[in-house]
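Notes follow once the structure below has been shown.
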Amino acid sequence: MTEPNQPKTEVTDPDTLQYQLLDAIRRKSSATMRELLQDKNAPIHRATVHFAASEHYPEYVFQILVKYLAKRRKALLKLARESLPPEQLESLGVLPQQNVLDSAAAPVAWALKALKVIDDSQFEFYNPDHVWLSSATTVWSLVGCNLRAAHVLHEAGFQNVDEVDQMGYSPLAVLEIPSLMATDHINGQSLASGLSDALSRYLTMCSWLRDHGASMTRGCGLAQATPMHHIGRRFGQCFAQLVGAHCYAFQGDGIKTMDGVINKLTDALSPLKPNIAILQQIAVNMGPCDLYLCACAGGGCLASNTMLNEMVKGAPVPMNVLIAVFQRIIAPAGSTVTKVFQEQWILRPILRACTFACLKLRHSCQSASLERFRVMKGEGGHTDDYMEQLVALGERLYREKGGLAMWKFIILWFEMLEHAARDRNYR
Ligand SMILES: [Zn+2]
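Quick note: the sequence shown, position 30, residue 30 per full-length UniProt numbering, numbers continuous.
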């Protein structure tokens, strides 16, 4: 898990206002902050917002910073509307209904400077950063999974949580699971609890952004992967790690049966339950697919393909255990999703992910862990007829078994796949 590329806060010159503001945030000195922001017009860089949201977060400190940020962005918007024609406002990304500038703040400040509406010192005051390319990025990319900071931003008027950056990615499409820097990776128990907490925080933030207007199906970047693909990928990776960490922690507990392992894992992962709705949405989605072409999905990947591919690829435990726990968590008995799991096409992504892994095929999609632009549609994409036949066979057999638990079917399926893989090698 990685944090996104965030603006750096390495400001070393104590004479600069930016340094003094960072120092006041670090010392939690609200009086000094107000003096710097109000009387001295200290610039508010993106790095400063990120620093206050992620590293030094008493809420009152962040509230002061955001209050002044919103005030400046409103003033900048007013100047822009007074000075720039409607068509230029539109081309700069200023929306008619907007009452505070977010991702368009930097281009607007540059445009106003070019027209000499603002001078150099005002430009410094209004522009969110010195670096052009990254400076247009929305404030929503600066708070990570800090939900309280998100509330503060929203209440201050930053209400469009779905503004895209210059590459076409929305904040939800690039949100990352918090890193585990402080976690003890040697001790399995603390790794498991650290991962569980990080994943819960991540899914809570994803749900909040979705509930406040972030699209789950927006195609982002050249590959047109959606936020659902991104969340599915991150969840799949973390879930596999989490199951592995819990298994490690259980060692010596004397669990004898597979049912016992699955029950214990399901209990251990119950903290994920409050955020299950967003995972159910991903697991049963019907599209859109991304533009990668890979045998793992028989074409473009659905978000469910992505989630299961990552889960199976990263699994340090038998796949039937992983699938069984996944199914128990996101489709508990009696839920509407249980029926979907049993009868609809979620079966197919599960069979595809397991069959692909067992045949040891190579991904040509984003699951290849390659740099994203190297495996675009048409560059190395392929299908595998043998795998297609096996998946169709798996679907038919599962239906013929009528009601057999998925994880028990996966055991049978793997025995068949091992024969099939050997058979293929001799052909
Ligand atoms: Zn693939």
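The beta carbon of each residue, even a glycine, is placed where N, CA and C say it ideally should be.
8 Å Cβ cutoff met for residue i and residue j
i, j, result
"residue 325", "residue 243", "yes"
"residue 300", "residue 293", "yes"
"residue 353", "residue 312", "yes"
"residue 60", "residue 83", "no"
"residue 245", "residue 195", "yes"
"residue 63", "residue 152", "yes"
"residue 429", "residue 398", "Past the edges of the chain, shown from 1 to 427, lies residue 429, and the structure says nothing about it."
"residue 275", "residue 203", "yes"
"residue 92", "residue 108", "yes"
"residue 282", "residue 304", "yes"
"residue 351", "residue 394", "yes"
"residue 170", "residue 227", "yes"
"residue 198", "residue 180", "yes"
"residue 173", "residue 366", "no"
"residue 254", "residue 220", "no"
"residue 73", "residue 114", "no"
"residue 331", "residue 290", "no"
"residue 310", "residue 233", "yes"
"residue 262", "residue 407", "yes"
"residue 20", "residue 47", "no"
"residue 401", "residue 414", "no"
"residue 387", "residue 297", "no"
Collapsed DSSP secondary structure at residue i in the structure displayed
i, result
"residue 289", "coil"
"residue 93", "coil"
"residue 225", "strand"
"residue 260", "helix"
"residue 244", "helix"
"residue 294", "strand"
"residue 220", "strand"
"residue 299", "strand"
"residue 351", "helix"
"residue 194", "helix"
"residue 381", "Note on residue 381: pLDDT 45, under 50, position unreliable in the model; the coordinate value appears next. Here residue 381 sits in coil by DSSP."
"residue 113", "helix"
"residue 167", "coil"
"residue 149", "helix"
"residue 305", "helix"
"residue 275", "helix"
"residue 14", "coil"
"residue 359", "coil"
"residue 179", "coil"
"residue 132", "With a pLDDT of 49 at residue 132, under the threshold of 50, the modelled position of this residue cannot be trusted; read the value that follows with caution. Three-state DSSP puts residue 132 in a helix."
"residue 123", "helix"
"residue 394", "helix"
"residue 270", "helix"
"residue 201", "helix"
"residue 315", "coil"
"residue 69", "helix"
"residue 421", "helix"
"residue 138", "coil"
"residue 320", "helix"
"residue 174", "helix"
"residue 184", "The predicted position of residue 184 is uncertain, since its pLDDT is 43 and thus under 50; a value taken from the coordinates is nonetheless stated next. Residue 184: coil per DSSP, three-state reduction."
"residue 372", "Bear in mind that a pLDDT of 38 at residue 372, under 50, signals an unreliable position, so the number given afterwards is only what the model happens to contain. Residue 372: helix per DSSP, three-state reduction."
"residue 85", "coil"
"residue 58", "coil"
Beta carbon proximity, residue i to chain C, threshold 8 Å
i, result
"residue 80", "The question asks about chain C, but that chain is absent: this structure has only one protein chain."
Best match in the options for proximity to residue i [C-alpha to C-alpha]
i, options, result
"residue 191", "18, 268 and 277", "268"
"residue 250", "403, 317 and 129", "317"
"residue 436", "315, 155, 272 and 355", "Residue 436 lies beyond the range of the chain shown here (1 to 427); nothing can be said about it."
"residue 125", "115, 327, 110 and 417", "110"
"residue 231", "99, 270, 138 and 277", "277"
"residue 99", "39, 76 and 315", "76"
"residue 201", "420, 273, 310 and 262", "273"
"residue 416", "175, 48 and 355", "355"
"residue 137", "38, 115, 102 and 228", "102"
"residue 306", "12, 364, 112 and 139", "364"
"residue 18", "332, 421 and 128", "128"
"residue 45", "419, 66 and 79", "66"
"residue 148", "205, 33 and 116", "205"
"residue 389", "420, 404, 411 and 405", "420"
(message) Would you call the segment 115 to 129 in contact with the segment 140 to 154, where contact means no fewer than 3 C-beta pairs closer than 8 Å?
(response) no
(message) For the structure I just gave you, are there three or more beta carbon pairs, one from the segment 158 to 174 and one from the segment 52 to 65, closer than 8 Å?
(response) no
(message) Would the segment 210 to 220 count as touching the segment 239 to 255 if we require 3 or more Cβ pairs under 8 Å?
(response) no
(message) Taking 5 Å as the limit, name every residue whose beta carbon sits nearer than that to some heavy atom of ligand 1, in sequence order.
(response) 294, 296, 363, 365 and 367
(message) Taking 8 Å as the cut-off, does the segment 75 to 94 touch the segment 35 to 54 (at least 3 CB pairs, one atom from each stretch)?
(response) no
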